[in-house]
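Residue numbers (the working numbering), protein chains in the order written: chain G, 1 to 348; chain Z, 349 to 696; chain A, 697 to 1044. Heads up, the beta-carbon is just placed ideally off N, CA and C, and yes, glycines get one too. A quick note: this is a predicted structure, and the numbers were derived from the prediction, not measured. Encoded as structure tokens, the structure appears first; notes follow it.
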Amino acid sequence: MPKYTLAELAEKFNGTVKGDPNHSVSGLASLQTATENDLSFLANAQYKKYLLDTKAGAVLLKAEQADMFVGNAIILDDPYLTYAKISYLFDTKPISQAGIHPTAVIADSVKIDPTASIGAHAVIEADVVIGARTVISAHCFIGARCVIGEDGWLAPRATLYHDVKIGKRVVIQSGAVIGGEGFGFAIEKGNWFRIAQIGGVTLGDDVEIGANTTVDRGALADTIIGNDVKLDNQIMIGHNVQIGDHTAMAACVGISGSTKIGKRCIIGGSVGMAGHLEICDNVILTGMTMVTRSISEPGTYSSGTSMQTSAEWRKSVARFRHLDEMARKIQQLEKRLAEVEQNDKSSS
Amino acid sequence: MPKYTLAELAEKFNGTVKGDPNHSVSGLASLQTATENDLSFLANAQYKKYLLDTKAGAVLLKAEQADMFVGNAIILDDPYLTYAKISYLFDTKPISQAGIHPTAVIADSVKIDPTASIGAHAVIEADVVIGARTVISAHCFIGARCVIGEDGWLAPRATLYHDVKIGKRVVIQSGAVIGGEGFGFAIEKGNWFRIAQIGGVTLGDDVEIGANTTVDRGALADTIIGNDVKLDNQIMIGHNVQIGDHTAMAACVGISGSTKIGKRCIIGGSVGMAGHLEICDNVILTGMTMVTRSISEPGTYSSGTSMQTSAEWRKSVARFRHLDEMARKIQQLEKRLAEVEQNDKSSS
Amino acid sequence: MPKYTLAELAEKFNGTVKGDPNHSVSGLASLQTATENDLSFLANAQYKKYLLDTKAGAVLLKAEQADMFVGNAIILDDPYLTYAKISYLFDTKPISQAGIHPTAVIADSVKIDPTASIGAHAVIEADVVIGARTVISAHCFIGARCVIGEDGWLAPRATLYHDVKIGKRVVIQSGAVIGGEGFGFAIEKGNWFRIAQIGGVTLGDDVEIGANTTVDRGALADTIIGNDVKLDNQIMIGHNVQIGDHTAMAACVGISGSTKIGKRCIIGGSVGMAGHLEICDNVILTGMTMVTRSISEPGTYSSGTSMQTSAEWRKSVARFRHLDEMARKIQQLEKRLAEVEQNDKSSS
Chain G
1 MPKYTLAELA EKFNGTVKGD PNHSVSGLAS LQTATENDLS FLANAQYKKY
51 LLDTKAGAVL LKAEQADMFV GNAIILDDPY LTYAKISYLF DTKPISQAGI
101 HPTAVIADSV KIDPTASIGA HAVIEADVVI GARTVISAHC FIGARCVIGE
151 DGWLAPRATL YHDVKIGKRV VIQSGAVIGG EGFGFAIEKG NWFRIAQIGG
201 VTLGDDVEIG ANTTVDRGAL ADTIIGNDVK LDNQIMIGHN VQIGDHTAMA
251 ACVGISGSTK IGKRCIIGGS VGMAGHLEIC DNVILTGMTM VTRSISEPGT
301 YSSGTSMQTS AEWRKSVARF RHLDEMARKI QQLEKRLAEV EQNDKSSS
Chain Z
349 MPKYTLAELA EKFNGTVKGD PNHSVSGLAS LQTATENDLS FLANAQYKKY
399 LLDTKAGAVL LKAEQADMFV GNAIILDDPY LTYAKISYLF DTKPISQAGI
449 HPTAVIADSV KIDPTASIGA HAVIEADVVI GARTVISAHC FIGARCVIGE
499 DGWLAPRATL YHDVKIGKRV VIQSGAVIGG EGFGFAIEKG NWFRIAQIGG
549 VTLGDDVEIG ANTTVDRGAL ADTIIGNDVK LDNQIMIGHN VQIGDHTAMA
599 ACVGISGSTK IGKRCIIGGS VGMAGHLEIC DNVILTGMTM VTRSISEPGT
649 YSSGTSMQTS AEWRKSVARF RHLDEMARKI QQLEKRLAEV EQNDKSSS
Chain A
697 MPKYTLAELA EKFNGTVKGD PNHSVSGLAS LQTATENDLS FLANAQYKKY
747 LLDTKAGAVL LKAEQADMFV GNAIILDDPY LTYAKISYLF DTKPISQAGI
797 HPTAVIADSV KIDPTASIGA HAVIEADVVI GARTVISAHC FIGARCVIGE
847 DGWLAPRATL YHDVKIGKRV VIQSGAVIGG EGFGFAIEKG NWFRIAQIGG
897 VTLGDDVEIG ANTTVDRGAL ADTIIGNDVK LDNQIMIGHN VQIGDHTAMA
947 ACVGISGSTK IGKRCIIGGS VGMAGHLEIC DNVILTGMTM VTRSISEPGT
997 YSSGTSMQTS AEWRKSVARF RHLDEMARKI QQLEKRLAEV EQNDKSSS
């Protein structure tokens, strides 16, 4: 395990030590579980309460939080970002060696940078180009004519169909499928007739695709994922969807074909969107929202109902079915009451 | 890129050219993005507005639409179906060669038609039968005794457990798992006890299974997917589900065990169905509908609430929890008001 | 096909034969589809009606059900559990042979029990330990330092990132990804900055992970799945989630990061949970429930609305948007009516 003194870390990440600069840490942990060998951090205000009792060897704090903690600390402008950077010092993720594993099956016309790494049993088809330092892990499949930029990391068993273009520093987790054939059918005499999906997929720089997420290829033009877009696991992106730069989606989201999502949107888990919509920049959707119309105003949107005991919920649900009737009854009551009031007034 | 004159296309697909029969096109594109080298089409009435400004070299149109467009056109009975057929002329999907890749691992007892194609690192277990012209792409796993009909296409990394029977012209996208062991447990002294899933899976002719979709094997008899059923990505089909011919499901749908779905149903994205239900033919379910009871009447069904700004939504949600109380208050109001009205009448 | 007389089965599973002890069965089937060569069972009260007409050669029944059926039966304390045990007698799942397939790629430092089975094209990285009788099927990827207990079964194409610890008798279905990098990002000058996910995953004994389910590794400490936890297909477990012993989840559930779920919970299909929640023991959540707050009382919880025809539903949904207004109108009506009533009383 690597070990760092607080002085070393403060220097490396532009902080100042409060307490013992020679105290050394060999791991990262939450305030609740940290030991004196661990570095911790306070990022979420609701965890302030844990600061009192933490056994952490040191805590990353903002200047205004320094008085709240008597132990060792490193004072920083942005403790959470610094934690993010320090996390790599303690990461045990194996590093792939440059070169091509002898069991990989690689077409003749493929161009692989000598600093790239191709894992065991990977399959790379004709005319693929793979950039410098990019890692194609074991069991990956890279279809014909794909272009993958430098410094990418494809986890074991990522799958790219043909004609997928990928920018720099792109991460694709295991089981993700990029470029699958979208759901496009005409009807011929009562049977579905599949439409060839002749577009590809373009992923910008710094994109991340989660485990078992699927991004379908375009029906005509490409499906487009902008720069710095982050997709969590088990997401489904339909054909010809466009996603603007910096947008992030939590897991299990489904986006139907040809919907266009703006920049810097935050899409909560299990959100579903109909096809052919336009969502403007800076939209936040809370988890499980059903989106069936376009959104033209930035802001936060939701749908659904909140959890109740099932006994209470059943009553709400039964009434929901008759909500229109209820509303009409209220209108009638208002009208009838107004008449009574009028009569009372006349008669008094 | 292949190139076709409008005269050639009209002849091939039973249309008539309006405009220049010698104009040639080398691609397909939407009305908005097409250039003079592209063929386009009008399928969706909401895109009529793009017809005026399109730069498409030619557009596929119905006879009654011909007057709306001054440029070149091919007049057809069904422009969308013709577009679907023409799409294959411009498809760049690589064609797999017949034969078995030397890295494939194939049991002795397997019967593979000589016109079939088996990709790199595929694994095929005992007593499998693979039909004429069927493509088993790289990294596919085909379990013991599977039978796959002719003209099928399994994308890279499709997985079939043992005893899966597949019809003709079936397409299975990457990451799909057919025949996994369903969720069946008894309880023994407070612990779950797994039930062996001894049924298989039967897929009819012309079935399509989307990327990362899972179809569990039957607990006793087979799970059955009818002819021409189309399943999009990330769908979950539980054990012993039965799906009728021509039914189509959008992505992220989950169908619990032993539910039976009729023919020609259209199931929207992220719909969830409880187990042991019966859904009749010709049912349409809009996206994200929660189905907890059987449906015996054809028609369109829905559940959920529509999107609002989160601020507005929170108010609706809070009231929803007290909907039963609201309904009771309305009843009381009606009763009290009736009394007041009665009194008024008596007193006047 | 194996064949068993009712006498043999009764002896093996501590039951008593009612009817012909020499009748033999060679399969298992539901009451509706069983033939005289099949054994069937009555587990679900709603299937009692099928007992009258079943053609089953014998039925597993409780003593109190014996009078309801005139055919052969085996009388047992728990027919469903006995069915579960008998299911293995008729299971045709192929048995993997001990040993390592020559196409597997295995690092030097790996310790594999000689009774374990490693399938074709499996890839096993440095310092992995695999226990007795455990099966690693074809195309599995096992990352560095993973430890897998005895009697496990990994289906073809299960993927474990590095540092995943797995107990005894664990089953992982195809396409599952354990230990993927969770969704953790800080922000640096408007760009997402990935946080290294330095924790691992711990799965207890008797865990089952469904097809294409993803369990992310911990950001700091491990993501923890307790003993006898059963996860169905297409589930997403975020980083640092903790799941208590014996909890079961149906398909398509999504659990956000750091949420802690108690013991013996039953989570219905497509449930979504926000992050950092605590769910106590013995909670049942019905399908598609949206969980955005912690639960501290055992019981059954729900959210959502029930299915209607789309025409009716649209009316309910439109009113739902104005529910707060409706509630206010009721309050006003109550107030106005009380005044009228007061006036009436005074005037009379």
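Using the Cα positions of residue i and residue j, report the straight-line distance between them to the nearest angstrom.
i                      : j                      : result
residue 557 (chain Z)  : residue 1004 (chain A) : 29 Å
residue 58 (chain G)   : residue 3 (chain G)    : 13 Å
residue 17 (chain G)   : residue 216 (chain G)  : 50 Å
residue 610 (chain Z)  : residue 620 (chain Z)  : 16 Å
residue 417 (chain Z)  : residue 399 (chain Z)  : 7 Å
residue 627 (chain Z)  : residue 60 (chain G)   : 57 Å
residue 1006 (chain A) : residue 709 (chain A)  : 51 Å
residue 248 (chain G)  : residue 1037 (chain A) : 57 Å
residue 419 (chain Z)  : residue 397 (chain Z)  : 15 Å
residue 794 (chain A)  : residue 455 (chain Z)  : 17 Å
residue 1021 (chain A) : residue 937 (chain A)  : 40 Å
residue 980 (chain A)  : residue 962 (chain A)  : 5 Å
residue 727 (chain A)  : residue 933 (chain A)  : 37 Å
residue 380 (chain G)  : residue 173 (chain G)  : For residue 380 (chain G) there is no data in the structure shown, the boundaries of chain G being 1 and 348.
For residue i, which residues in the same chain have their Cβ closer than 8 Å to its Cβ, ignoring the five residues on either side in sequence?
i                     : result
residue 830 (chain A) : 809, 812, 813, 844, 845, 846, 847, 848, 849 and 850
residue 960 (chain A) : 940, 941, 942, 943, 977 and 978
residue 467 (chain Z) : 444, 449, 452, 483, 484, 485, 486, 487, 488 and 504
Using a Cβ cut-off of 8 Å (strictly closer), state whether residue i contacts chain G.
i                     : result
residue 417 (chain Z) : no
residue 516 (chain Z) : no
residue 636 (chain Z) : yes
residue 689 (chain Z) : yes
residue 968 (chain A) : yes
residue 646 (chain Z) : no
residue 797 (chain A) : no
Within 8 Å of any Cβ in chain Z, is that where the Cβ of residue i sits?
i                     : result
residue 320 (chain G) : yes
residue 17 (chain G)  : no
residue 308 (chain G) : yes
residue 997 (chain A) : no
residue 208 (chain G) : no
Within the 8 Å Cβ cut-off, does residue i reach chain A?
i                     : result
residue 154 (chain G) : no
residue 108 (chain G) : no
residue 546 (chain Z) : yes
residue 536 (chain Z) : yes
residue 684 (chain Z) : yes
Whose Cβ in chain Z lies nearer than 7 Å to the Cβ of residue i?
i                     : result
residue 236 (chain G) : 581, 582, 599 and 600
Which residues in the same chain have their Cβ closer than 6 Å to the Cβ of residue i, if we skip the five residues on either side of it in sequence?
i                     : result
residue 458 (chain Z) : 472 and 476
residue 35 (chain G)  : 55
residue 956 (chain A) : 938 and 974
For a contact meaning CB atoms closer than 8 Å, what does residue i contact in chain Z?
i                      : result
residue 1022 (chain A) : 667 and 674
At 8 Å on the CB atoms, spell out the chain A contacts of residue i, in chain order.
i                     : result
residue 30 (chain G)  : 916 and 917
residue 90 (chain G)  : 892 and 894
residue 228 (chain G) : 887 and 888
Identify the contact partners of residue i in chain A, using a Cβ-Cβ distance below 7 Å as the criterion.
i                     : result
residue 344 (chain G) : 1036 and 1039
Which residues in the same chain have their Cβ closer than 7 Å to the Cβ of residue i, if we skip the five residues on either side of it in sequence?
i                     : result
residue 651 (chain Z) : 637 and 638
residue 276 (chain G) : 258 and 259
residue 618 (chain Z) : 600, 601, 635 and 636
Residues of chain A with CB closer than 9 Å to the CB of residue i, please, in chain order.
i                     : result
residue 510 (chain Z) : 788, 789 and 790
residue 212 (chain G) : 871, 872, 873, 876, 908, 909, 910, 930 and 932
Would you mind telling me which residues of chain G sit closer than 7 Å to residue i, beta carbon to beta carbon, in chain order?
i                     : result
residue 987 (chain A) : 307
Q) Can you find at least 3 beta carbon pairs, one from the segment 185 to 192 of chain G and one from the segment 203 to 223 of chain G, that sit closer than 8 Å? A) no
Q) Taking contact to mean at least 3 C-beta pairs separated by less than 8 Å, is the segment 158 to 166 of chain G in contact with the segment 140 to 147 of chain G? A) yes
Q.
I want to know whether the segment 675 to 685 of chain Z touches the segment 330 to 345 of chain G - three or more CB-CB distances under 8 Å.
A. yes
Q) Below 8 Å, can you find three or more Cβ-Cβ pairs linking the segment 770 to 777 of chain A to the segment 733 to 747 of chain A? A) yes
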